[in-house]
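Worksheet: one structure, shown below.
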Amino acid sequence: QLGVNYISLSAGGKFEDAVAKKDEALYPYTGYSGDRTMPPATYQDGANVYLAEGIKSFINAHGQQTPIVTTGKISTPALAEKILQEGQADLVGFARALLADPDFPRKARDGESEKIVRCIYGNVCKALDEKFQKVVCTLWLRHGLNAPEASADKTTLPVWPADFVLEATLQPNGRVRLSWHEAEDDEGIYGYEIFRAVNDGPFAHLTSSTTNRHNDMEALAGNVYRYQIRAYDFAGNRSEASPSAAIDIPLPVYLPDGSLRLDGATEAGQKL
Numbered sequence: 067q068l069g070v071n072y073i074s075l076s077a078g079g080k081f082e083d084a085v086a087k088k089d090e091a092l093y094p095y096t097g098y099s100g101d102r103t104m105p106p107a108t109y110q111d112g113a114n115v116y117l118a119e120g121i122k123s124f125i126n127a128h129g130q131q132t133p134i135v136t137t138g139k140i141s142t143p144a145l146a147e148k149i150l151q152e153g154q155a156d157l158v159g160f161a162r163a164l165l166a167d168p169d170f171p172r173k174a175r176d177g178e179s180e181k182i183v184r185c186i187y188g189n190v191c192k193a194l195d196e197k198f199q200k201v202v203c204t205l206w207l208r209h210g211l212n213a214p215e216a217s218a219d220k221t222t223l224p225v226w227p228a229d230f231v232l233e234a235t236l237q238p239n240g241r242v243r244l245s246w247h248e249a250e251d252d253e254g255i256y257g258y259e260i261f262r263a264v265n266d267g268p269f270a271h272l273t274s275s276t277t278n279r280h281n282d283m284e285a286l287a288g289n290v291y292r293y294q295i296r297a298y299d300f301a302g303n304r305s306e307a308s309p310s311a312a313i314d315i316p317l318p319v320y321l322p323d324g325s326l327r328l329d330g331a332t333e334a335g336q337k338l
């Protein structure tokens, strides 16, 4: 009669470590605990699962079966299912993932995980919330107040134009700038998934973009990076993977005068 009985482990969101700002109300997700509660893109997937696993193991060992809920950057149905199958938690919670795609549960249930619009954990929603502003998702259409809807029976896929080109260029600041021709779709393109492979490794989802360009700020010198793009429409239908582009980022060369040459053409002005 007391309602749902469970222990939810979201890692924090405490007023005790909130960042105090003059003339503003405390927001419990600005401190360390809040950062752990809404893990950004730099955190590993399932960042808080170890907490649920440890507490579940402890209470089960003491004869208690209270369900344990885990949350925090659980980005795919496959990861959620793995957590449940391995007994790390009894329930999995989603928040930001449902902003990115409210149909996440339905698509997972219907075996359409490939159509899920994946959260990129950029935490624009978190930043807006902590400023007490209207919360939107950076993946939504510009000025949109909710995720867009598509025709229920749409199954056609976005396609790449015949003259498609994906370019990857090294910028003076060390970032890799990606740009590509826009895909085509009879109802419109919603966004693009960007995949990256490091050296001889496999392609993995790096992030998603609502435009046909992206700056990879995580590329490191001394590696070869390969990129592919997949466009998706409002229903989540994906295009075929685009032709790839590769870029070899050389290690920096230190010049006799103490300056740093990042590549064959760009010289940083500062002294070492």
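Numbering follows my numbering, with no gaps: position 7 of the sequence shown is 73. Even for Gly, the Cβ is constructed at its ideal location relative to N, Cα and C.
Going straight from the alpha carbon of residue i to that of residue j, what length do you get?
i, j, result
"Asp299", "Gly210", "16 Å"
"Leu165", "Leu205", "9 Å"
"Thr142", "Cys191", "19 Å"
"Asp282", "Ala127", "46 Å"
"Gly257", "Val183", "9 Å"
"Gly345", "Lys197", "Residue coverage of the chain in this structure runs from 67 to 338, which leaves residue 345 outside it and unanswerable."
"Phe81", "Gly159", "22 Å"
"Lys337", "Arg279", "At Lys337 the pLDDT is 40, less than 50, meaning the model places this residue with poor confidence and gives no usable figure here."
"Val290", "Glu259", "20 Å"
"Asp195", "Tyr293", "33 Å"
"Ala163", "Cys185", "5 Å"
"Ala77", "Lys200", "24 Å"
"Glu306", "Ile255", "14 Å"
"Gln151", "Phe124", "18 Å"
"Ile73", "His271", "32 Å"
"Gly335", "Gln237", "For Gly335, the pLDDT reaches just 48, beneath the cut-off of 50, and the residue's location in the model is therefore unreliable, leaving the point undetermined."
"Thr332", "Thr235", "With a pLDDT of 48 at Thr332, under the threshold of 50, the predicted position of this residue should be treated as unreliable, and no value is reported."
"Gly240", "Thr96", "30 Å"
"Gly79", "Asp229", "49 Å"
"Ala161", "Glu90", "25 Å"
"Thr276", "Lys173", "21 Å"
"Cys203", "Thr136", "22 Å"
"Arg309", "Glu215", "Note that residue 309 is Pro in the sequence shown here, rather than Arg. Taking the straight line from one Cα to the other gives about 29 Å."
"Ile140", "Ile315", "32 Å"
"Tyr98", "Phe261", "30 Å"
"Gly100", "Arg175", "30 Å"
"Arg208", "Asp266", "37 Å"
"Ala193", "Tyr109", "17 Å"
Since residue i and residue j are thought to touch, with beta carbons under 8 Å apart, how far apart are those beta carbons, to the nearest angstrom?
i, j, result
"Ala26", "Glu233", "Look at the range of the chain in this structure, 67 to 338, and you will see that residue 26 is not part of it."
"Gly129", "Ala113", "Incorrect: roughly 29 Å between the Cβ atoms, too far for contact."
"Val242", "Ile313", "6 Å"
"Leu244", "Gly288", "Going by Cβ atoms, the distance from Leu244 to Gly288 rounds to 20 Å, so no, they are not a contact pair."
Give a yes or no on whether the C-beta atoms belonging to residue i and residue j are separated by under 8 Å.
i, j, result
"Glu180", "Arg102", "no"
"Pro168", "Ala213", "yes"
"Ala84", "Pro94", "yes"
"Lys220", "Ala297", "no"
"Tyr187", "Pro105", "yes"
"Ile134", "Lys122", "yes"
"Val231", "Trp246", "yes"
"Thr132", "Asn71", "yes"
"Leu75", "Asp111", "no"
- request: Would you list, in sequence order, the uninterrupted alpha helix (DSSP H) runs of no fewer than 4 residues that lie entirely inside the stretch 187–235?
  value: With a minimum length of 4 residues, the continuous alpha helix (DSSP H) runs that stay inside the stretch 187–235 are 190–196.
Minimum length 3: unbroken beta strand (DSSP E) runs contained in the stretch 126–153: Annotation note: the stretch 126–153 contains the following uninterrupted beta strand (DSSP E) runs of length 3 or greater, listed N- to C-terminal: 134–136.
- request: Assess, as a yes-or-no matter, whether the stretch 150–166 is touched by the stretch 113–120 under the definition of 3 or more beta carbon pairs within less than 8 Å.
  value: These segments touch.
query: Counting Cβ pairs, one atom from each stretch, are 3 or more of them under 8 Å apart for the stretch 206–225 and the stretch 250–267?
result: By the Cβ criterion, the stretch 206–225 is in contact with the stretch 250–267, since at least three pairs of Cβ atoms, one from each stretch, lie closer than 8 Å.
message: Which runs of the beta strand (DSSP E) at least 3 residues long sit entirely within the stretch 227–301? Give them in chain order.
response: Within the stretch 227–301, the complete beta strand (DSSP E) runs of at least 3 residues are 232–236, 242–246, 255–264, 270–275, 279–282 and 289–299.
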